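Each residue of the sequence shown is one higher than the one before, starting from 42 at the first, in the numbering used here.
Even for Gly, the Cβ is constructed at its ideal location relative to N, Cα and C.
Nothing here was measured: the structure is a model prediction, and the numbers come from that model.
Single-structure report; data block below.
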Amino acid sequence: MTLWGGCFDKAPDNLLRQFGDSLPFDWRLYEADIAGSCAYAAALHRAELIPLAERDELLSGLRRVEEEFRSGQFSPTSTDEDIHTAVERRLGELVGPVAGKLHTGRSRNDQVSTDLRLYLLGKLAVLEKGLVGLQTALVDKAEEHLDAVMPGYTHLQQAQPVLFSHWLLSFYWKLERDRERLVGVRHRTATLPLGSGALAGCPFPLDRHVLASELGFQTVSQNSIDAVSDRDFCIEFLAWAAQVQLHLSSLAEDVVLWATREFGFLRLDDAYSTGSSLMPQKKNPDVFELVRGKSARMIAHLTSALVMVKGLPSGYNKDLQEDKEPLFDAVDTLELELPLVSQVIASMTVNADRMLVAMDPGMLATDLADYLVGRGVPFREAHHLVGRAVKRAAELGVSVSQLAPAELESIHPALGSNALQSLSFRASVERRSIEGGTATSSVRAQIEQARRRLSQA
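This is how it looks when you write it as structure tokens:
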């Protein structure tokens, strides 16, 4: 069955059909397509375009088609161009000529946009649940290892002592921003294009606001030409998905490093590790390497969508059919990935002793400068003085904390045994009790705030 062709002398060439048909990938829109068609049949009846009996016949037939899809009994034919053709063709086989009335005033242009928006709205709820699950796993693990001190890094060089829980929660807040961004994606996706027709609008008095309400949309589109060509919501979703993936990739990179023998801070559970086909001793963090690698796909999907719409003339163009596969793959990837990463985080073992052993006393240099600041030395001068102490320690092959009091006092009178006695990794952490800092009290406050936010999700 084709939905067009009355003015054509030839049927579409088979190669053209293979090239242009989208049913192999847009079949997953069947629920959205049937939901939209049911609502549209009801709208046609309200507009007195079909009688009640025909509306009920259409609704009954559409429900039967949906059941065939769900049960795996639906059989596509070679003439089904897309999900819309397939549903309408099967509906006609079940209810007869009345099926032809369903498309009154409707175009595949507004239909496909409606379907895609409906599909995405359902998936956004699933993905938000996945985000919340991962955030919960991070908070749980942070609370479990609240007091563990570890080296904090900048430029992959040891920088200052931090709590391991503080590092974990840094990813909670990245994902929290992702959840906030998702609100905007959902809002702009929840605009109903149905009723826009091919581009000029529907000539029949359909109540689009009732349609929107029945389908779960927040509002209706305000311009029919814009409505059928608008793929902003796809691009915005793919940008959001790419941002989430980049946050996951950053988490993955840290875990891959810290699970190495050289670091040994973390150990992944065997259920989430893989082995080598050659080396019997290997336990590889493939899960996080794949998370890192999938960033390329997500960025490519966003780029694909941006290039797809670049320079398109107004109105609907067939180029827009290319919106679905990137979007579907992004959804599928995150729908599987978010709960998987949650489980890996929840099950991994933390080696706090190894973190402590790995810490270089040189990380306390800033605390030593702060000690001088507390005794009236301007910070820039204190920074320079401690730098001299670090250089002298390196010349002697010791750490700053091992310098003799006389060596320190020769640099500045305020530097001496008392200065060194006040320095420790734990003291360094606990001095940073400002809101958002790494002190235990500040991290506890982060956890409490995170729990409150998650309870409202």
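Worksheet item: Below 8 Å, can you find three or more Cβ-Cβ pairs linking the region 372 to 382 to the region 349 to 363?
Response: no
**Asked** Leaving out five residues before and five after residue 382 in sequence, what residues of the same chain have Cβ atoms less than 7 Å from its Cβ?
**Response** 175, 289, 332
Subject >> Runs of alpha helix (DSSP H) wholly within the region 295 to 351 (minimum 4 residues, chain order) >> reply: 327 to 350
query = Residues bridged to residue 204 by DSSP?
reply = 190
Inset, instruction - Tell me whether residue 519 sits in a helix, a strand or coil according to DSSP, three-state version. - result: Lying before the first or after the last residue shown, residue 519 is absent from the chain, which here runs from 42 to 498.
Check your understanding: On the three-state DSSP scale, how would you describe residue 235?
Key -> coil
I need the straight-line Cα distance from residue 250 to residue 268, nearest angstrom please. 15 Å
Practice item. For residue 87, I'd like the list of residues in its chain whose CB is within less than 8 Å of its CB, leaving aside the five on either flank, ordered along the chain. Key: 247, 248, 251
| said: By DSSP's criteria, residue 382 is part of a beta bridge. Which residues make up the other side? | reply: DSSP, once it has assigned bridges, lists no residue as partnering residue 382.
Next item on the list: Just the C-alpha distance for residue 137 and residue 358, rounded to the nearest angstrom, thanks.
Entry: 31 Å
Start and end of the alpha helix (DSSP H) containing residue 488? 481 to 496
>> Classify residue 326: buried if its beta carbon has 16 or more other beta carbons within 10 angstroms, exposed otherwise.
In response: buried
Which of the three DSSP states is assigned to residue 145 in this structure? coil
With a threshold of 8 Å, are at least 3 pairs of Cβ atoms found where one atom belongs to the region 444 to 460 and the other to the region 407 to 427?
yes
- Where the alpha helix (DSSP H) through residue 396 begins and ends: 393 to 398
* Measuring alpha carbon to alpha carbon, tell me which of 108, 119, 100, 84 ends up nearest residue 53. => 119
Inset, instruction - Taking residue 110 as part of the alpha helix (DSSP H), name the residues at either end of that continuous run. - result: 93 to 112
Test item: CB-CB of residue 385 and residue 204 under 7 Å = no
- Residues bridged to residue 390 by DSSP? 308
| query | In the DSSP assignment, what residue or residues form a beta bridge with residue 260? | reply | 232
- Task: Output yes or no for whether 7 Å exceeds the beta carbon distance between residue 380 and residue 171.
- Result: yes
| query | Exposed or buried, which one is residue 152 when buried takes at least 16 other CB atoms within 10 Å? | reply | buried
Return helix, strand or coil for residue 420, following the three-state DSSP convention. helix
C-beta atoms of residue 434 and residue 441 nearer than 7 Å: yes
In angstroms with no decimal places, state the Cα-to-Cα distance between residue 313 and residue 163.
29 Å
Q: Work out the CA separation of residue 416 and residue 493 for me, nearest whole Å.
A: 41 Å
Discussion item. For residue 405, count the other beta carbons within 10 Å of its own beta carbon; 16 or more makes it buried, fewer makes it exposed. Which is it?
Written reply: buried
How many angstroms separate the CA atom of residue 70 from the CA atom of residue 308? 41 Å
If you draw a straight line from the alpha carbon of residue 310 to that of residue 178, how long is it in whole angstroms?
15 Å
| request: Tell me whether residue 75 is buried or exposed, calling it buried when 16 or more other Cβ atoms sit within 10 Å of its Cβ. | output: buried
Quiz item: DSSP three-state call for residue 245: helix, strand or coil?
Solution: coil
Next item on the list: Can you grab the Cα-Cα spacing for the pair residue 319 / residue 196, in whole Å?
Entry: 34 Å
Requested in this report: Determine contact between the region 231 to 246 and the region 141 to 152, defined as no fewer than three beta-carbon pairs at a distance below 8 Å.
Outcome: yes
message = Just verifying my parser: in three-state terms, what is the DSSP assignment at residue 357?
response = coil
inquiry  = With H, G and I counted as helix, E and B as strand and the rest as coil, what does DSSP make of residue 267?
reply    = helix
**Q.** Range of the contiguous alpha helix (DSSP H) that encloses residue 80
**A.** 71 to 87
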